[in-house]
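Presented below is the structure to which this report refers.
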Amino acid sequence: MSYALNSLQSKRDVDRAVKETIDKVLVLRFGKEDSLECLRIDEILRKTAPLLSRMADIYVVDSQSVPVYTRYFDISITPATLRKTAPLLSRMADIYVVDSQSVPVYTRYFDISITPATVFFFNGQHMKVDYGTADHTKFIGCFKTKQDFIDLVEVIYRGAMQGKLVVTSPIDPAHINKYDLLYMDI
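All the letters of the sequence shown, read from the start, carry residue numbers 2 to 187 under my numbering.
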């Protein structure tokens with residue numbers, strides 16, 4: 002888990018962050034703190050947080066601590082990219098790291114089965130992003146570059162300021178991990 006990023010340990014912490022983040026993008030990275038992928042995305046988040054501070058709040062969430070949201074967003078991959086981008090995004094976003102095992106309620110709610118999984122909110126509203134995949138509720142995996150994360154937060158912020166709930170991802174499709182969605186093991 003990143004020492005430089007805000008961490009959310011319980012459902013109450015996550016709920017408070019969602020409700021209290023106003024006029025900024027809320028970035029929640031769900032994952033397991035000891036995962037290599039989570040460490041990679043956390044590094045990106047850490048570096049971009051100062052740059053996006055006016056547009057976003059970034060948090061890291063342990064997916065085991067809030068399983069309800071993990072299931073709702075179907076999250077199950079890990080983070081280091083988020084840590085790198087946190088300084089760059091500090092004007093637009095607040096970034097929090099949440100250990101997915103510490104918030105099982107959210108882990109189930111967001112259907113987080115692959116970590117790291119990154120979920121976005123704006124003024125308490127869940128923001129969806131069309132990545133060209135079947136799942137618009139979260140970004141699964143690690144961002145390839147800091148710039149990919151910065152561009153995504155900017156697009157979400159600008160779209161949300163215009164009242165949009167779904168935006169199109171600016172990330173190159175080659176940089177987006179592809180996963181097959183299974184419904185009830187079908």
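Here a beta-carbon is modelled for each residue, glycine too, at the ideal position from N, C-alpha and C.
Among all the DSSP beta bridges, which residues are the ones paired with residue i?
i    : result
E23  : Glu is not the amino acid found at residue 23; the sequence shown has Ile there. Note: I23 sits in no beta bridge, so no partner.
A57  : V26
T138 : DSSP lists no partner for T138.
Y107 : DSSP output for Y107 lists no bridge partner at all.
I96  : I59
A5   : DSSP, once it has assigned bridges, lists no residue as partnering A5.
A118 : F31 and I141
Going by DSSP in three states, residue i sits in which element: helix, strand or coil?
i    : result
G160 : helix
Q10  : coil
F123 : strand
D152 : helix
D112 : strand
A175 : helix
Start and end of the alpha helix (DSSP H) containing residue i?
i   : result
T49 : L37 to T49
Rounded to the nearest angstrom, how far is the Cβ of residue i from that of residue j, given a contact under 8 Å?
i    : j    : result
K33  : Q102 : 6 Å
H137 : V167 : 7 Å
I115 : I141 : 5 Å
V61  : V104 : The Cβ separation is near 11 Å, so there is no contact.
Hey, could you find the ends of the beta strand (DSSP E) residue i is sitting in?
i    : result
T169 : V167 to T169
D131 : Q126 to D131
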